[in-house]
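Here the structure is laid out as structure tokens; the discussion comes afterwards.
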Amino acid sequence: MSLARKLIGPQVLILALIAALAATQWAVARHERLQLESTTQRLQQTGLRIQRLAQLFADAERDLLSEVVTRQRLLTRRINNSNAEIDELLAELSVAGTDRPGPTLLEDLRQLRGPLVEAQRALLTARDPAESRSAFVRWWFLDQRANAVLADLSADNLKGVDRILAQVGTTRHRLDLLLLTLTLICALTVAGTAVYVFRGVVAPVVRLTAASEKVAEGGTVPMLPGRRDELGALSRVLSETTERLVNTNAELQQSLDLRERFLSIAAHELRTPLTSLSLQLALIQRRIEQGADRDTLRSNADALGRQAQRLGQLVGELLDVTRIQRGRLDLHREPVRLDTLVQEVCARCGPLLDAGQNRLSLALEPGVLCVVDPSRLDQVLVNLLGNAARHARGAEIQVSLWTTADETCLRVRDSGPGIPESVRSRLFEPFARAPGAAPGLGLGLYISREIVEAHGGRIEMSTARGEGTAFTVHLPRATRVASGPTGEAPAA
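Using my numbering, the first residue of the sequence shown is number 1, and each one after it goes up by one.
Pasting the structure below:
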């Protein structure tokens, strides 16, 4: 039933007056609704462009850091493509137009683009560490300013909801004036109709207005149940639009917070090996000038190689996190002898275990064949062994492999002090690190869990204060290539 038909009461004497009022009221409501839909569509399109800008800034930042380390020309082209799309979006936002202070923020962002692109090029073409550090600092400062302006622009777009709500208030005011005029003219003869109109029109608008005032605090406008008229459509439009805008802003803010934390930790962790590389290069150069012997130079070169390996590991972890969050963690599965793979990884980690004065024991069921990605499972085992060596120095580390009726189990157990209770609940979250932990990004266990789950398995942790820690990887049922009974779990 339309709003016009609802306003036609049982009193025939005032039928013409009520019909005229209903038509006027319907026209006003329709006009306001169309204007509201146009405004909300523009706000939504602007919000999508701003969200895309934020994604492109994040892509450019990630590709730039990766290119600085790997010097891949493909990444340079991707950075250029991201910059080109950013400029196109800024041009589209300028043409579409925004309310104040949107144009000012857009102009600020466009003015930052030139210096920011120049800083990117300077960082990519830096020839020595000092020039690279200087270019990185300048790029980092400009990039943070651009991100701040982009966040302000997003917040300003969200304020458009308040302007929409102001239009709703104006509509309600006009409707109230029409109802008041009818009441004064018809007096007692339209008393029943006035009550009906108040209950059917005014009260829902008041509820919408009261709910709309909470939008700025993160709330949404509720839909009016059972309404199929214009007010019902208006409430649905407002509810859906404000919910989309609030969710979009929350997701954008969460993305910005995570990216800031991500970049802050990455910059801090990358600075240490880069500084060490610079110092080692300077030391090698000075010793060459002093005529140092080959053994001395080899020692310095080995230290340089260790820092480069550390830098590559950090960048690899950052790229893995990016792939995981985008759902692009590709697996290249093939049949693998797990006992052989475990032995190879343990042999390769020998120097790490020796440095931690750890004793290694193996309890491997022979002939276990699984269809997995060997490089990724290798990465999981290296992470688990590395954690055990770093956090349980001098303790015994036991690696066990066995099968059950339904799955294959791989466990790395140490007899160290155990994991503090304060970090157990967030151990598999990104950037989770125990108090006093060795330098690192805190991504190893998060990446390991995602790799295992991508294989259709799971990873579990058990620990007790002073009794050590065990990480158990459960994979789908394996095939045996050697005859023998199914194994049982080793004693804990």
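The beta-carbon is built from N, C-alpha and C at its ideal position, and this holds for glycine as well.
No Cβ-Cβ contact shorter than 7 Å links LEU116 with PHE136.
Under the three-pair Cβ rule at 8 Å, the segment 358-378 counts as touching the segment 392-402.
Here CYS349 carries a coil assignment [DSSP, helix/strand/coil]. Contact check for VAL237 and THR40: beta-carbon distance about 7 Å, within the 8 Å limit, so the pair qualifies. Cα atoms of ARG390 and LEU64: separation of roughly 31 Å, rounded to the nearest angstrom.
Between GLY416 and ALA395, the C-beta spacing is below 7 Å.
In the DSSP assignment, no residue is bridged to ARG172.
Proximity of the segment 370-383 to the segment 333-350 meets the contact definition, three or more beta-carbon pairs being nearer than 8 Å.
By the CB criterion at 7 Å, ARG138 and ALA126 fall outside the cutoff. A distance below 7 Å between beta-carbons, with the five flanking residues on each side excluded, links ARG49 to the following residues of its chain, in chain order: LEU89, GLU92, LEU93. Nearest in C-alpha terms to TRP140, of all of ALA84, LEU153, ARG62, is ARG62. In the three-state reduction of the DSSP assignment, SER415 falls in the coil class. Counting along the chain, LEU364 sits inside no alpha helix (DSSP H); it lies in the beta strand (DSSP E) bounded by residues 359-364. Taking all protein chains shown into account, GLN398 has 16 or more neighbouring C-beta atoms within 10 Å of its C-beta and is therefore buried. Secondary structure in the segment 87-140: the alpha helix (DSSP H) runs of 4 residues or longer, each lying completely within the stretch, are 102-124 in chain order.
If you look at GLY468, you'll find it in the beta strand (DSSP E) that goes 468-476.
Membership of LEU427 in any beta strand (DSSP E) is not indicated, and neither H nor E is assigned to it by DSSP. Around the beta carbon of ALA470, a 10 Å sphere encloses 16 or more other beta carbons of the protein chains shown; the residue is thus reported as buried. Take the alpha-carbon of GLN254 and the one of HIS173: they are about 38 Å apart. With contacts defined by Cβ atoms closer than 7 Å, ALA146 and LEU112 form a contacting pair. ALA464: member of the beta strand (DSSP E) spanning 458-464, first to last residue. Between the alpha carbons of LEU43 and GLU450 lies a distance of about 37 Å. For ARG337, the enclosing beta strand (DSSP E) stretches over residues 334-337.
Boundaries of the alpha helix (DSSP H) around LEU445: 444-454.
In this model, PRO129 and LEU142 are separated by some 20 Å (Cα to Cα). Nearest neighbour of LEU445 by Cα position, chosen from PRO351, PHE428, SER132, GLU453, turns out to be PHE428. The beta carbon of LEU353 is closer than 6 Å to those of LEU360, ALA389 in its chain, skipping five residues each way along the sequence.
For LEU401, the beta-bridge partners assigned by DSSP are LEU364, LEU410. In its chain, beyond the 5 residues on either side, GLN398, ALA470 have a beta carbon closer than 6 Å to the beta carbon of ARG413.
Shown here, LEU43 sits in a helix according to DSSP, grouped into three states.
As the crow flies, the alpha-carbon of PHE57 is around 11 Å from that of ASN81.
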